[in-house]
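In my numbering, the protein residues as written are 28 to 130.
Written as structure tokens, this is what we have:
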């Protein structure tokens, strides 16, 4: 979470990231009694797809971090699930770091 309450939450199932706002207390700090997402702010972005635009390649994004630039996200991917539980196309991006630019 950024100091202004901006958050990024990834979905492995949909290969997407939601960027939105977390409501902070009046003093600008996190407080459980007012903890909720701002329903009026947020956007869902797809992680890049294969060249043909159809296949998911970023199958296991686990963590998201904002860089110093408001438009750049650093993401890390977990290991691909074994024994045929995931498409072989997921292998190219497993256990690695990625940088994404938001539109």
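Cβ coordinates follow ideal geometry from the N, Cα and C atoms, glycine included.
Spatial neighbours of residue i in its chain, beta-carbon cut-off 8 Å, leaving aside the 5 residues before and after
i: residue 94; result: 100, 101 and 126
i: residue 82; result: 76, 114 and 116
i: residue 61; result: 50, 51 and 52
Cross-strand partners of residue i (DSSP beta bridge)
i: residue 57; result: In the DSSP output, where bridge partners are listed per residue, residue 57 has none listed.
i: residue 48; result: 33
i: residue 72; result: 44
i: residue 90; result: 103
i: residue 126; result: 101
i: residue 38; result: 43
Close Cβ partners of residue i (< 6 Å) along its chain, the five nearest in sequence each way excluded
i: residue 85; result: 42, 74 and 120
i: residue 105; result: 87 and 89
Span separating the alpha-carbon of residue i from that of residue j
i: residue 57; j: residue 79; result: 42 Å
i: residue 50; j: residue 130; result: 23 Å
i: residue 34; j: residue 52; result: 16 Å
i: residue 103; j: residue 47; result: 19 Å
i: residue 111; j: residue 40; result: 16 Å
i: residue 118; j: residue 124; result: 13 Å
Closest by C-alpha distance to residue i, when choosing among the options
i: residue 54; options: 31, 108 and 39; result: 31
i: residue 108; options: 122, 72, 36 and 98; result: 122
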